[in-house]
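Quick note, the sequence shown lines up with residues 514 to 662 if you use our numbering. Beta carbons are placed, not taken as given, at the ideal position from N, Cα and C, and that holds for glycine.
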Amino acid sequence: MKYFLALSTVLFSFISMAQSDADATVRRCEVMPAFGECVNSETADIYRCSSIAIMEHIGGLVNYPAAALKAEVSGTVYVLFIIEKDGSVTSVRVMRSIKVDDDTLSDAVASLEEEALKAVSSLPDFRPGTEGGDPVRVEYVVPVKFVLD
């Protein structure tokens with residue numbers, strides 16, 4: 514009976530490791546995810562092309578929130594997200610936000626974060642990244658800049 518318990522523990526450990534490796538998220542892979550017109554780009558240019566296409570897409574969606582305009586808050590919100598094996602965008606969250614010294618500006622900063630999250634969440638599906646021909650989950654970070662003129 515104790516051998517069965519030890520064997521089942523070892524077997525369960527290997528199964529858990531296999532599942533976590535299969536669902537692991539990478540930052541770099543053999544063929545990075547492609548976005549928009551970059552789907553047909555050469556492998557070496559996919560990351561750069563897709564990054565530019567993402568920024569253009571987000572730039573067309575972002576509106577400067579009234580609270581941030583009134584408070585004259587500007588800066589960059591870094592948004593992290595996952596491109597899944599099927600190309601969908603998930604786990605969108607703020608990685609780093611705008612630092613302000615005045616606590617009364619926290620609502621303005623929150624409105625900028627919300628706008629950045631909304632824009633990134635609306636990204637259409639990507640062509641997924643691959644490693645060894647198999648699709649992988651890829652972590653991506655996008656800076657969303659809010660600049661006052």
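- One thing to note: Glu626 has its Cβ within 9 Å of the Cβ of Val590.
- Two segments are said to touch when three or more pairs of C-beta atoms, one from each, lie closer than 8 Å; by this definition the segment 634-642 touches the segment 536-547.
- Taken in chain order, the whole beta strand (DSSP E) runs of length 3 or more contained in the segment 556-631 are 588-596, 602-609.
- A Cβ-Cβ distance of about 4 Å is found for the pair Thr538 and Arg650, placing them in contact under the 8 Å criterion.
- Approximately 5 Å separates the beta-carbon atoms of Leu636 and Val602; this is inside 8 Å, confirming the contact.
- Cβ neighbours of Leu593 within its own chain (closer than 6 Å, five residues either side excluded): Arg606, Met608, Val654.
- Pro578 and Ser624 do touch by the CB rule: their CB atoms are close to 4 Å apart, below 8 Å.
- In the DSSP annotation of this structure, the continuous segment of the beta strand (DSSP E) that includes Phe659 starts and ends at 647-659.
- Following the DSSP letters along the chain, one finds Glu644 inside the beta strand (DSSP E) bounded by residues 642-644.
- Between Val575 and Ala632 a beta carbon distance of about 5 Å is seen, short of the 8 Å cut, so the two are scored as contacting.
- Burial of Glu597 is indicated by the presence of at least 16 other C-beta atoms within 10 angstroms of its C-beta.
- When the Cα atoms are used, Val552 and Ile595 turn out to be separated by approximately 18 Å.
- A residue is called buried once 16 or more other Cβ atoms fall within 10 Å of its Cβ, and Ser619, having fewer, is exposed.
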